[in-house]
Amino acid sequence: MTLNRYFRNSCKILFLYEMDYNHKSIEQKWQAFWAENATFKTSESTQKPKYYVLDMFPYPSGAGLHVGHPLGYIASDIFSRYKRTKGFNVLHPMGYDSFGLPAEQYAIQTGQHPAITTEANINRYREQMDNIGFSFDWSREIRTSEPDYYKWTQWIFMQAFNAWYDKNEDRALPIEQLIAHFETKGSQGVHAESDEDILTFTAEEWLSFTEQDQQKELLKYRLAFLRESTVNWCAALGTVLANDEVINGLSERGGFPVEQKKMMQWSMRITAYADRLLRGLDTIDWPEPLIEMQRNWIGKSVGALVKFPVPQLDENIEVFTTRVDTIFGVSFVVLAPEHDLVGSLTTDAQRSEVETYIEKTSKKSELDRMADTKTVSGAFTGSYAKHPITGDDVQIWIADYVLAGYGTGAVMAVPSGDQRDYVFAKHFNLPIVAISDSQHIEEAADPNKDGLYINSGFINGMNYVEATDALIIKLSELGLGRAKVNFRMRDAIFGRQRYWGEPVPVFFKDGVPYLIKEEELPLLLPEVDKYLPTESGEPPLARAEGWKYQDQYEYELSTMPGWAGSSWYWFRYMDPQNRAAFASKDAVDYWKAVDLYIGGSEHATGHLLYSRFWNKILKDLGFHNEEEPFKKLINQGMIQGRSSFVYRLLDEEGRGTNTYVSLGLKDSYNTIPLHVDVNIVHNDILNTDKFKVSRPDYAEAEFILEDGKYICGTEVEKMSKSKFNVVNPDDIIALYGADTLRLYEMFLGPLEQAKPWNTNGIEGVYKFLKKVWRLFHDAEGNLNVSDEEPTKAEYKALHKIIKKAEDDIERFSFNTSVSAFMICVNELTDLKCNKKNILQDFVIVLSSYAPHITEELWSLLGNAAGSISYAAYPKFNPEYLIESEFAYPVSINGKMKMNLSLSLDLDQKAVEDTVLSNADVMRYLDSKAVKKMIFVKGKIINIVV
1 MTLNRYFRNS
11 CKILFLYEMD
21 YNHKSIEQKW
31 QAFWAENATF
41 KTSESTQKPK
51 YYVLDMFPYP
61 SGAGLHVGHP
71 LGYIASDIFS
81 RYKRTKGFNV
91 LHPMGYDSFG
101 LPAEQYAIQT
111 GQHPAITTEA
121 NINRYREQMD
131 NIGFSFDWSR
141 EIRTSEPDYY
151 KWTQWIFMQA
161 FNAWYDKNED
171 RALPIEQLIA
181 HFETKGSQGV
191 HAESDEDILT
201 FTAEEWLSFT
211 EQDQQKELLK
221 YRLAFLREST
231 VNWCAALGTV
241 LANDEVINGL
251 SERGGFPVEQ
261 KKMMQWSMRI
271 TAYADRLLRG
281 LDTIDWPEPL
291 IEMQRNWIGK
301 SVGALVKFPV
311 PQLDENIEVF
321 TTRVDTIFGV
331 SFVVLAPEHD
341 LVGSLTTDAQ
351 RSEVETYIEK
361 TSKKSELDRM
371 ADTKTVSGAF
381 TGSYAKHPIT
391 GDDVQIWIAD
401 YVLAGYGTGA
411 VMAVPSGDQR
421 DYVFAKHFNL
431 PIVAISDSQH
441 IEEAADPNKD
451 GLYINSGFIN
461 GMNYVEATDA
471 LIIKLSELGL
481 GRAKVNFRMR
491 DAIFGRQRYW
501 GEPVPVFFKD
511 GVPYLIKEEE
521 LPLLLPEVDK
531 YLPTESGEPP
541 LARAEGWKYQ
551 DQYEYELSTM
561 PGWAGSSWYW
571 FRYMDPQNRA
581 AFASKDAVDY
591 WKAVDLYIGG
601 SEHATGHLLY
611 SRFWNKILKD
621 LGFHNEEEPF
631 KKLINQGMIQ
641 GRSSFVYRLL
651 DEEGRGTNTY
661 VSLGLKDSYN
671 TIPLHVDVNI
681 VHNDILNTDK
691 FKVSRPDYAE
701 AEFILEDGKY
711 ICGTEVEKMS
721 KSKFNVVNPD
731 DIIALYGADT
741 LRLYEMFLGP
751 LEQAKPWNTN
761 GIEGVYKFLK
771 KVWRLFHDAE
781 GNLNVSDEEP
791 TKAEYKALHK
801 IIKKAEDDIE
811 RFSFNTSVSA
821 FMICVNELTD
831 LKCNKKNILQ
841 DFVIVLSSYA
851 PHITEELWSL
861 LGNAAGSISY
871 AAYPKFNPEY
881 LIESEFAYPV
891 SINGKMKMNL
901 SLSLDLDQKA
911 VEDTVLSNAD
921 VMRYLDSKAV
931 KKMIFVKGKI
941 INIVV
């Protein structure tokens, strides 16, 4: 549709040439135009180079967006719009991570189906995002809770279930290849990532196994597998929680107690990809702090696996250590309270103490246990292990600073070489064996020391490297150790005992899990009477009546975790309507990977790690060719709230009154600060009438004013409802417009840094846009644009901003561009510039930041064929920035007297002639003879008399 036709069909909101800038009518008109004309719909059928811009998947909460949420979206939108003007085919999609615990908890409280509240929340988000003017391709919108989407989440789970990791090829392969190997060669020659308790068997033995036994053994190799795991169990919520959902032993949502509990759980074998996940970090352009967080989370360590024999049980306690050279300093062994051997190792005399300690530990999350470095606690099992080299008895303890899921769940304690072991030994009066007579405790664990510090056993006199090698050889000969690489990262728990999530496409036969058929996808969420666990403690899906596979087999009753749907969503944006595949090969081959990803750093070790993991699985199985999904990533900083305070007067007994003291007077009274809604504060002045009606207890409020006003105190804090400092973007847009909001959020500071929101400063940006509008109009509001050739000064102002904005956007330095726009408009205003050749290019440069006003001005300039969104970015011409004149400071005997503008083309003789013929210069010389003239081109002129 052409603009002319569109104007005829949209006369009710038509805006022609009003006296001043009317943001409401302009923004409504262009948002409607973009929607009706699908301006930002993307196609793969183009010869343009592709560019894929992605925002981190939002969860649609009932509260909607506050002004802090759109920061990253505005930045990505500016970059997307800019890339279109640079000739790129830009994919900039949006959707919703719409499964999750908040909607389920609301359903539990109200009885309303989570799908209903989720739909309402999405509609609210969509309305707000449309009002800000984002250039999303809404034809590609996806929602993780829609069956058409989670069908493919289930399908990816099935691919992982039907895959194993071959260490020889360093990639995942179909499980059929492993089965074929077992059938012809048995387990011999298989070098796989697997559980520790795999069997050794011949081909004949494999073929003699029952189907049930074969499937149980295969489960130890699958990338998606079922096994007993220690989890964060919240009884009140009836579900397992991720580590980041637990704070100080309580659930983040609701504040309910969480305990460590062993359960059969689905997991993903992410540890198989640990090395590749580490290597991939060297190939991507991500913030270094985020990369370092992932490195630390993966936590690669090179060391040795050491076995401490326990003769009475005919068992070994396996320990992973990076400092095997300190083995002669071992004086006790510490197990995690959840370690499998704790029960059999505990003597009757110690059982009560050990069980009490285990119960106490179960109330703490793993994160709390890792963070607590000051508390010393533990319990003696009553049993002893043998030192693998000396054969000496060493006590076996349990302590919560050892985690069951990290390493082997056991550590060899070297009090003379480790500070925490030292504190533990001192607290429980345990022996401390010196590694070296002259060595300090804090130095003992330094692998860079080459001194001859080991004076124990057969490695006396060796340095660190020699001792390590010799000990590993010795332990191998004894059958009590070997070299090993260990990772801190553990396999990812992939089950939640909730309702509002993806059903796992699995049923059980004879206690063994089997996949449903692919043609039976999606496995839909069944209807239930309540969104709570059953009375017997089973997950909510157990409430579904008659929900069985083929009417006889039990389905898996857990649902997938929240990160499942967000671990592959960028692929679905490439081909969202495809019913035959998660995305077509043509679409995947065209878009390849995300070129720019913008989102919060809080997802560093969750979403981003799991997404890279799933991406690698799909690559290994041949569904795409990209090793890493996100080439460049930027973490936007947080917009903090600017809280406002009133000061309540306290009576003589320290009780609060209903009188409030203004900021400048509060120190003369006994007061207490209270947060007040920032939306009734303007330029730090409280609207006392609105304050009185904001809450019933404020209705009779009295005020002690200064100069007739109530001045509020301020403080920068996190933006949250509890602090009454949340600013709704809808309110800002209603007052000042979306273009003002967009420019102001960028103007606040560098994208990556935290910055406080201050509504007081937004009017300056609004005035800037009015100034832009006035460049195109005369005093009566009529369009006033000339076809005359611009002056050199006008071209100079234009090409400065062309270059500055382009450089800034490419560096993601959006705040400096906004400042440059303001300078440019001031220059053009001073020049009284109304030349079309200048203004038309200027609005293209500005359009990425302020798309609505620039669309309007573009159309007023006569561009009626379509949107400014696809206009070509102006080409920078450096010749316009070359200075032809310079205002030389003219000094006489070193004292500056005046400025004199001269052509930069003049040589020294011409400069001398011009200067000495200038009337003002002659007046300063006062007939004195000139001895010499010092001339530095483009710098100074100094006359010596």
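Here the sequence shown stands for residues 1 to 945, numbered as in UniProt numbering. Virtual Cβ for every residue (Gly too), placed ideally from N, Cα, C. These numbers were taken from a predicted model, which means no experiment stands behind them.
Inset, instruction - Can you grab the Cα-Cα spacing for the pair Ser72 / Ile823, in whole Å? - result: Reading the sequence shown from its first residue, position 72 is the one you call residue 72. Reading the sequence shown from its first residue, position 823 is the one you call residue 823. Sequence check: residue 72 is Gly here, not Ser. Using only the alpha carbons, I get a separation of about 25 angstroms.
Legend entry - Where Pro257 sits in the DSSP three-state scheme: The residue given as residue 257 occupies position 257 in the sequence shown. DSSP places Pro257 in strand when its eight states are reduced to three.
Legend entry - Candidates Gly565, Trp563, Ala542 and Pro561, of which the one nearest Glu554 by Cα: Position 554 of the sequence shown holds residue 554. Measuring from the Cα of Glu554, the nearest candidate turns out to be Ala542.
Inset, instruction - Sort Ser194, Pro49, Glu204 and Gly565 by Cα distance to Tyr610 and report the nearest one. - result: Along the sequence shown, one-based indexing puts residue 610 at 610. Nearest of Ser194, Pro49, Glu204 and Gly565 to Tyr610, Cα basis: Gly565.
Inset, instruction - Quick one: grab the DSSP three-state call for Val772. - result: Looking up residue 772 in the sequence shown gives position 772. Residue state, collapsed to three classes: helix.
Inset, instruction - Can you tell me which of Lys386, Phe380, Arg420 and Ser344 puts its alpha carbon nearest to the alpha carbon of Met370? - result: Locating residue 370 in the sequence shown gives position 370, where the first residue counts as 1. Among Lys386, Phe380, Arg420 and Ser344, the Cα nearest to that of Met370 is on Arg420.
Legend entry - Residue interval of the alpha helix (DSSP H) (run including Gly72): Numbered from its first residue, the sequence shown carries residue 72 at position 72. Where Gly72 is concerned, the enclosing alpha helix (DSSP H) stretches over Leu71 to Thr85.
Legend entry - Contact under 9 angstroms by Cβ, Ile26 with Arg742: Residue mapping note: residue 26 aligns to position 26 of the sequence shown, counting from 1. Residue mapping note: residue 742 aligns to position 742 of the sequence shown, counting from 1. No, the Cβ-Cβ distance between Ile26 and Arg742 is not below 9 angstroms.
Legend entry - Exposed unless 16 or more other CB atoms sit within 10 angstroms - verdict on Arg279: Residue mapping note: residue 279 aligns to position 279 of the sequence shown, counting from 1. That one is exposed.
Legend entry - Three-state secondary structure assigned by DSSP to His799: Counted from its first residue, the sequence shown places residue 799 at position 799. If DSSP states are grouped into helix, strand and coil, His799 belongs with the helices.
Legend entry - Ser280, enclosing alpha helix (DSSP H) - first and last residue: Here residue 280 corresponds to residue number 280 of the sequence shown, with the count starting at 1. Here the sequence assigns Gly to residue 280, which means Ser is not the residue at that position. Start and end: Ala274 to Gly280.
Inset, instruction - Return the first residue and the last residue of the alpha helix (DSSP H) that Val465 is part of. - result: Start at 1 with the first residue of the sequence shown, and residue 465 comes out as number 465. Per DSSP, the continuous alpha helix (DSSP H) segment holding Val465 begins and ends at Tyr464 to Leu478.
Legend entry - Contact between the region 658–665 and the region 778–786 (3+ Cβ pairs under 8 angstroms): Flag = no, the region 658–665 and the region 778–786 do not touch.
Legend entry - For residue 958, three-class secondary structure by DSSP: There is no way to answer for residue 958, as the model of the chain reaches only from 1 to 945.
Legend entry - For Lys484 and Leu596, believed in contact at Cβ under 8 angstroms, the rounded distance: Within the sequence shown, the letter at position 596 stands for residue 596. Within the sequence shown, the letter at position 484 stands for residue 484. Incorrect: roughly 39 angstroms between the Cβ atoms, too far for contact.
Legend entry - Coil, strand or helix - Asn784 by DSSP: As a working mapping, residue 784 is identified with position 784 in the sequence shown. The answer is coil: DSSP assigns Asn784 none of H, G, I, E or B.
Legend entry - Delimiting residues of the beta strand (DSSP E) encompassing Gly713: As a working mapping, residue 713 is identified with position 713 in the sequence shown. Run containing Gly713: Gly713 to Glu717, per the beta strand (DSSP E) assignment.
Inset, instruction - Measure from the alpha carbon of Phe623 to the alpha carbon of each residue in Gln159, Glu217, Glu141 and Leu925, then state which is nearest. - result: In the sequence shown, counting from the first residue as 1, residue 623 sits at position 623. Checked all of Gln159, Glu217, Glu141 and Leu925; the closest Cα to Phe623 is Gln159.
Inset, instruction - Look at Gln154 and Pro503 and say whether their C-beta atoms are less than 9 angstroms apart. - result: Taking the first residue of the sequence shown as position 1, residue 154 is located at position 154. Taking the first residue of the sequence shown as position 1, residue 503 is located at position 503. Their beta carbons are under 9 angstroms apart, which means Gln154 touches Pro503 by this criterion.
Inset, instruction - Compute the Euclidean distance between the alpha carbons of Thr381 and Trp397, then round it to the nearest angstrom. - result: As a working mapping, residue 381 is identified with position 381 in the sequence shown. As a working mapping, residue 397 is identified with position 397 in the sequence shown. Straight across, the Cα-Cα distance linking Thr381 with Trp397 is about 6 angstroms.
Legend entry - Close Cβ partners of Glu245 (< 6 angstroms) along its chain, the five nearest in sequence each way excluded: Your numbering for residue 245 matches position 245 in the sequence shown. Here the set comprises Glu252.
Legend entry - Backbone CA spacing between Lys632 and Phe79 [nearest angstrom]: Here residue 632 refers to the residue found at position 632 of the sequence shown. Here residue 79 refers to the residue found at position 79 of the sequence shown. Lys632 and Phe79: Cα-Cα distance of roughly 13 angstroms.
Legend entry - Whole-number beta carbon distance between Leu861 and Lys836, since they are thought to touch under 8 angstroms: Locating residue 836 in the sequence shown gives position 836, counting from the first residue. Locating residue 861 in the sequence shown gives position 861, counting from the first residue. The Cβ separation is near 6 angstroms, so the contact holds.
Legend entry - Selected residue, minimal CA-CA separation from Ser536, among Ile327, Ala235 and Lys86: By 1-based counting over the sequence shown, the position of residue 536 is 536. Considering only alpha carbons, the answer is Ala235.
Inset, instruction - Taking only the alpha-carbon atoms, compute the straight-line gap between Met933 and Phe886 and give it to the nearest angstrom. - result: On the sequence shown, position 933 is the one that residue 933 refers to. On the sequence shown, position 886 is the one that residue 886 refers to. Computed Cα separation, rounded: 18 angstroms.
Inset, instruction - Decide if the region 58–68 is in contact with the region 115–135; the criterion is three or more beta carbon pairs, one per stretch, under 8 angstroms apart. - result: A contact is defined here as three or more CB-CB pairs under 8 angstroms, and the region 58–68 meets this definition with respect to the region 115–135.
Inset, instruction - Under 8 angstroms by Cβ, that's how I've got Val333 and Ala425 pegged, so tell me the actual separation to the nearest angstrom. - result: Within the sequence shown, numbered from 1, the residue matching residue 333 stands at position 333. Within the sequence shown, numbered from 1, the residue matching residue 425 stands at position 425. Contact flag wrong, Cβ pair sits at about 12 angstroms.
Legend entry - Through-space distance from Tyr96 to Ile712, alpha-carbon basis: Against the sequence shown, residue 712 aligns to sequence position 712. Against the sequence shown, residue 96 aligns to sequence position 96. According to the sequence as given, residue 712 is Cys; it is not Ile. The straight-line gap from Cα to Cα measures roughly 39 angstroms.
Legend entry - Exposure of Arg811, with buried meaning 16 or more beta-carbon neighbours within 10 Å: Here residue 811 corresponds to residue number 811 of the sequence shown, with the count starting at 1. So Arg811 ends up on the exposed side.
Inset, instruction - To the nearest angstrom, report how far apart Asn942 and Glu912 are at their CA atoms. - result: Here residue 942 is taken as the residue at index 942 of the sequence shown, counted from 1. Here residue 912 is taken as the residue at index 912 of the sequence shown, counted from 1. Each residue's CA atom was taken as its position, placing Asn942 and Glu912 some 11 angstroms apart.
Inset, instruction - Look at the alpha carbon of Gly737 and the alpha carbon of Ala850, and state the distance between them as a whole number of angstroms. - result: In the sequence shown, the residue the question calls residue 737 occupies position 737. In the sequence shown, the residue the question calls residue 850 occupies position 850. Straight-line Cα distance between these residues: approximately 10 angstroms.
Legend entry - Beta-carbon gap between Ala336 and Lys300 smaller than 9 angstroms: On the sequence shown, residue 336 is found 336 positions in, with the first residue counted as 1. On the sequence shown, residue 300 is found 300 positions in, with the first residue counted as 1. Not in contact: Ala336 and Lys300 (Cβ atoms no closer than 9 angstroms).
Inset, instruction - Mark Ile198 as exposed unless 16 or more other C-beta atoms lie within 10 angstroms of its C-beta, in which case mark it buried. - result: The residue you call residue 198 lines up with position 198 of the sequence shown. Exposed, because fewer than 16 other Cβ atoms sit within 10 Å of the Cβ of Ile198.
Legend entry - 9 angstroms Cβ cutoff met for Ile459 and Glu466: Here residue 459 refers to the residue found at position 459 of the sequence shown. Here residue 466 refers to the residue found at position 466 of the sequence shown. Their beta carbons are under 9 angstroms apart, which means Ile459 touches Glu466 by this criterion.
Legend entry - Where the alpha helix (DSSP H) containing Cys234 begins and where it ends: Position 234 of the sequence shown, counted from the first residue, corresponds to residue 234. Run containing Cys234: none in the alpha helix (DSSP H); it sits in the beta strand (DSSP E), Ala224 to Cys234.
Inset, instruction - Grab the span of the beta strand (DSSP E) containing Arg171 for me, first residue to last. - result: Stepping through the sequence shown from its first residue, residue 171 is reached at position 171. Its beta strand (DSSP E) spans residues Arg171 to Pro174.
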